[in-house]
Amino acid sequence: MKLIEPSADTEDLFWKRLVQSRAADFNNLKKTELCKLLEGVCTAIIPLVSEARNLYDEEAIDKILSEQYAREISAARTERDELFRKTVKLQEPIIEMQSQQLSSITTTVKKDLRSFSAVVTQNCKTAMAPKKLETAICRAKDPSPA
């Protein structure tokens, strides 16, 4: 028998020629032999059919896809959490620097407020001296033309 290279076009032709070449043998088979042959063929084909059906079973496909999506989502969440931790770690020195700057500003503002308070207090004491108040009141009562 001549061997045929299997391909999409020749596969059917291969099986057809095989059956034709063995047709005489099949015609001479007894019932019991035919049953054994059929049982052997079924034993070989049923797992293949079952496997093929599983390949196209929508529930199995959905289960596989949902497991795959779950793994991808889990990986994405892990990556997101890792990026979040890195972001926080990178922000820590910035926050520390800003805290130092704020502390410096607070110290400067307190110092300047004390200075301003001292100036205001000194000026108010000078402005509110009893003699100056008397003079200001007298001028207010008796405005003299200049």
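So the sequence shown is numbered by the working numbering: it starts at 56 and just counts up by one. In this text, a Cβ means the ideal position worked out from N, Cα and C, and glycines have one as well.
#1: So what's residue 197 in DSSP terms, helix, strand or just coil?
#2: Indicate the three-state DSSP secondary structure (helix, strand or coil) for residue 136 in the structure shown.
#3: What's the C-alpha gap between residue 145 and residue 121?
#4: So, with DSSP's three-state summary, where would you put residue 85?
#5: Roughly how many angstroms separate the alpha carbons of residue 103 and residue 140, rounded to a whole number?
#6: Rounded to whole angstroms, what is the Cα-Cα separation between residue 174 and residue 134?
#7: Measuring only the C-alpha atoms, how far is residue 176 from residue 169?
#8: Do you know how far the Cα of residue 126 is from the Cα of residue 94?
#9: Mapping the DSSP letters down to three states, classify residue 125 as helix, strand or coil.
#10: Within a Cβ cutoff of 6 Å, which residues of the same chain sit near residue 63, ignoring the five residues on either side of it in sequence?
To lay it out plainly:
#1: Annotated three-state conformation of residue 197 is coil, per DSSP.
#2: Reduced to three states, the DSSP call for residue 136 is helix.
#3: Rounded to the nearest angstrom, the two C-alpha atoms are 35 Å apart.
#4: Note: residue 85 maps to coil in three-state DSSP.
#5: Answer to the nearest angstrom: the Cα atoms are 50 Å apart.
#6: The straight-line gap from Cα to Cα measures roughly 59 Å.
#7: Taking the CA atoms as reference points, residue 176 sits about 10 Å from residue 169.
#8: Cα to Cα, the separation comes out at about 43 Å.
#9: Note: residue 125 maps to helix in three-state DSSP.
#10: The predicted model places residue 63 with a pLDDT of 48, which falls under 50 and marks its position as unreliable; any figure quoted below should be read in that light. There are no such residues.
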